Every structure is written in structure tokens, then in C-alpha cells.
Ligand SMILES: [Zn+2]
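Numbering (the numbering used here), first residue to last: 1 to 215.
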């Protein structure tokens, strides 16, 4: 599947699953030394094949006429700091934003979350679209695939967009389960030992590998 077709596919999924509202959120993929980024002000579902904005990753030069997403600096920072990834996804999922904006972290409550995501990094609120946010993201993305920005949203990166999207779904599901459990009673959070055991499970490692290999 072409890079713009992949972007369109996941842009639609992001809207359909409620990870963004209106023209919120942005996503990009790397091909060679170019980044294809969603344009500014579009409903993600309505971006056509030729409307993904090409940006030179090294120089930051915008190669097309449409205005790129205002979070362009954040996407560039990810690709520059992580040569191993090809996809960056940024959304505003309600449970992740809700839980993290209370000052809490999103705890491990079911196996897939800690098994597939090694560490989640949290950033306190920084006004969107500026260089300070991009620098902060560039700093922490070096050792994580998932950044939760309190009072804003979530950014995930992946070897494929499929992987970045999966990480996004898992974080939001974890925040949702924690919220439901907190509403009903007292959440039972997996212990460090239980998390370690999960991460050592060969079947989980296999699934993690499987996901990375698939396109
Ligand atoms: Zn945002």
C-alpha cells in the first residue's frame, strides 16, 4: 500500500474510533528523507491522496503548497531523534487526557498494556504547536514509543503506522479501564512483579515481534 493510502487508512480509523474530534490530531510517515504530514485545518478523514504535505526531514523545508499541520515541529523532532521509526501519530483521546490531567499516570490493569508498551512518558502541559513542546517531545521520545501530554493528548511512534496506532489504542483502553474501575470501586493495579512476568512471557514477545514485522 502506498504511503498516502496507509496514512488515509489510519486517519479514517482515528476519526471513526473517536480518538480525535473535528480537525484535531495529526499523523505522518517517513519515506526516505521525506515526511508526509497531514495538512492543517482538515478533518483527518477528508484528506485526499495528493493533500498530504511533504516535508524534508533534515531541513524542515515544506515541499507542497498546502499548509502542514501546526504540530510539524513535533513530528520532525520524532523522526530526527528516532531513525528506527517510520510513523508518528498524535491524537486527543478523552480517557487518556482525562486520567493524565488529574495528575495521575495510566496504570497497568490488563496484560496487553504493560506487555506491549515498555514505558510511557508523561509531559506536563505545554502550549501546543510551539518549539518548546517539540523540544520536550524530542527529548523524551528517545526512550519511549508513547508520550502522554497532560491536558492535551497522546503521541505514539512506530516502526509502522499499524504499530503506532496499536500503541495509541492500548493506552486509551488502559485509561478507559482505569476510569471504569475507579468509578465502580478501587482499581486493582498489576504489581511490578506481575508486569515483569508478563514482559518475560515468550508468547507476548512473539506478538510484539509479529506486529513489528507486519506492514
Ligand atoms: Zn494536539
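Ideal placement from N, C-alpha and C gives every residue a C-beta, glycine not left out. Fair warning: this is a prediction, and the values are worked out from it, not measured in the lab.
Can you find the residues in the same chain that come closer than 7 Å, C-beta to C-beta, to residue i, ignoring five residues on each side of it along the sequence?
i	result
residue 47	8, 11, 38 and 39
residue 165	10, 13 and 89
residue 216	With the chain running from 1 to 215 in the structure shown, residue 216 is simply not present.
residue 112	170
residue 86	29, 30, 159 and 160
Quick one: residues in its chain with C-beta nearer than 8 Å to the C-beta of residue i, no 5 flanking neighbours on either side, listed in chain order?
i	result
residue 61	55
residue 215	Since pLDDT at residue 215 reaches only 48, below the 50 mark, its modelled position is unreliable, and no value is offered.
residue 179	95, 98 and 99
Compute the beta-carbon to beta-carbon distance between residue i and residue j, rounded to the nearest angstrom, for a pair I have assumed lies under 8 Å.
i	j	result
residue 154	residue 91	6 Å
residue 175	residue 106	5 Å
Give every residue of the same chain whose Cβ lies closer than 6 Å to the Cβ of residue i, excluding the five residues on either side of it in the sequence, and list them in chain order.
i	result
residue 134	73, 74 and 77
residue 144	119 and 121
residue 114	108, 195 and 198
Three-state secondary structure (DSSP) at residue i?
i	result
residue 26	strand
residue 98	helix
residue 20	coil
residue 138	helix
residue 4	helix
residue 109	coil
residue 183	helix
residue 170	helix
Can you name the residues that DSSP bridges to residue i?
i	result
residue 39	68
residue 31	34
residue 91	154
residue 56	34
residue 149	123 and 153
residue 62	55
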